[in-house]
């Protein structure tokens, strides 16, 4: 899925409300112990905190860059799938004909063969997106309650409609049985495509040169599928993800021990001039400490939700919407009846699925 507009402050607050409450509680606890209980030793110098913060900033920056790289590569892969699917449909429409056939077939027969080839390509798109939506043990973004709430709102088809039912509207029963018997469904669909155009070449309904060109497009589909599977099946290195998460938590726990004493000292300097403000200034450390922790934690969460671009979170590649868009284009290119062409997926809360 993909956000079509920037996050509003309200949405950001809702997305991070649990962590924000936790940061406020920790900062309040330290402030109470320091000011009310008089535990003045409950403080840390800024130097070690700053050193930890520097390491955390580098780690978060590395994680976010790597996560964005994975996301952008996935988007380019599916952009290639879009372009090649249209190319495939153009070839099917114009290259399946009687020009080189010794026994010309009826226009109805040729139209049916074109329709089978196009619908099977749509089935490949469906099989691939279903494979991309399957959960992996390292995909943890949607285990977070706030992320899970977003996912439940979108009602992804891949999580609610069985793959066999989806493929059943696109494939004949024989093809459906063959595809469902294989572990890699998308791979099986492309295999059927290659077999089909070979049979059409042998019967003269596809010119030999055209057959080679169409095989090259199928080869590109295999390549794009492999690239998409590589991103899906190879996680962002867990040592970086785990250490980044632990470092951020450690830094956020240290922050109040440096901020609260600093605000207390500033307050002591203000007491002579502004006695009321000086006496209460230490309590401003609570929101300021929470803000610092919130910034680092939110940056870390942004990297986490971007690690796996097919997981189904609000910031992922919108493969469901893209696949539907390709299907509409392909059906229109072979002049299918408007009532047989599905409608585009609507955005939900300004998010594409």
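Numbering (the working numbering), first residue to last: 1 to 353.
The beta carbon of each residue, even a glycine, is placed where N, CA and C say it ideally should be.
Owing to the predicted nature of the structure, the values given are computational and were not obtained by experimental measurement.
Residue i versus residue j: straight-line alpha-carbon distance, rounded
i           : j           : result
residue 381 : residue 310 : Look at the range of the chain in this structure, 1 to 353, and you will see that residue 381 is not part of it.
residue 348 : residue 321 : 11 Å
residue 225 : residue 128 : 7 Å
residue 51  : residue 288 : 19 Å
residue 1   : residue 65  : Confidence in residue 1 is poor, its pLDDT being 48 and thus under 50, which makes the residue's placement unreliable; the coordinate value appears in the next sentence. Each residue's alpha carbon lies about 19 Å from the other.
residue 130 : residue 101 : 38 Å
residue 78  : residue 114 : 23 Å
residue 174 : residue 302 : 45 Å
residue 252 : residue 31  : 15 Å
residue 5   : residue 277 : Low confidence applies here, because residue 5 scores a pLDDT of 45, under 50, leaving its location unreliable and the question unanswered by this model.
residue 316 : residue 135 : 14 Å
residue 3   : residue 333 : Bear in mind that a pLDDT of 46 at residue 3, under 50, signals an unreliable position, so the model cannot answer this.
residue 290 : residue 62  : 24 Å
residue 266 : residue 272 : 12 Å
residue 297 : residue 75  : 26 Å
residue 53  : residue 88  : 52 Å
residue 82  : residue 325 : 9 Å
residue 198 : residue 107 : 20 Å
residue 206 : residue 124 : 22 Å
residue 280 : residue 26  : 18 Å
residue 71  : residue 159 : 21 Å
residue 341 : residue 28  : 58 Å
residue 202 : residue 244 : 58 Å
residue 263 : residue 33  : 14 Å
CB contact flag (residue i, residue j, <7 Å)
i           : j           : result
residue 329 : residue 86  : yes
residue 318 : residue 352 : yes
residue 256 : residue 43  : no
residue 285 : residue 259 : yes
residue 166 : residue 126 : yes
residue 119 : residue 170 : yes
residue 139 : residue 308 : yes
residue 247 : residue 56  : yes
residue 35  : residue 282 : yes
residue 189 : residue 84  : no
residue 110 : residue 92  : no
residue 300 : residue 60  : yes
residue 176 : residue 168 : yes
residue 132 : residue 232 : yes
residue 343 : residue 23  : no
residue 339 : residue 122 : no
First through last residue of the alpha helix (DSSP H) which encompasses residue i
i           : result
residue 196 : 185-202
residue 236 : Unbroken run through residue 236: none, as it is neither H nor E.
residue 293 : 285-305
residue 345 : Taken as a continuous stretch (DSSP letters only), residue 345 belongs to no alpha helix (DSSP H), as it is neither H nor E.
residue 171 : No alpha helix (DSSP H) holds residue 171; DSSP gives it neither H nor E.
residue 85  : 46-95
residue 181 : Element bounds for residue 181: n/a, residue is neither H nor E.
residue 360 : Because residue 360 is not part of the residues shown, which for the chain are 1 to 353, the question remains open.
residue 30  : 17-31
residue 327 : 319-333
residue 279 : 275-280
Contact test: residue i Cβ vs the ligand FAD heavy atom, cutoff 6 Å
i           : result
residue 178 : Summarising the ligand content, the structure contains no ligands, and the ligand FAD is consequently not present.
On the three-pair Cβ rule with 8 Å, is the region 25-44 touching the region 207-216? no
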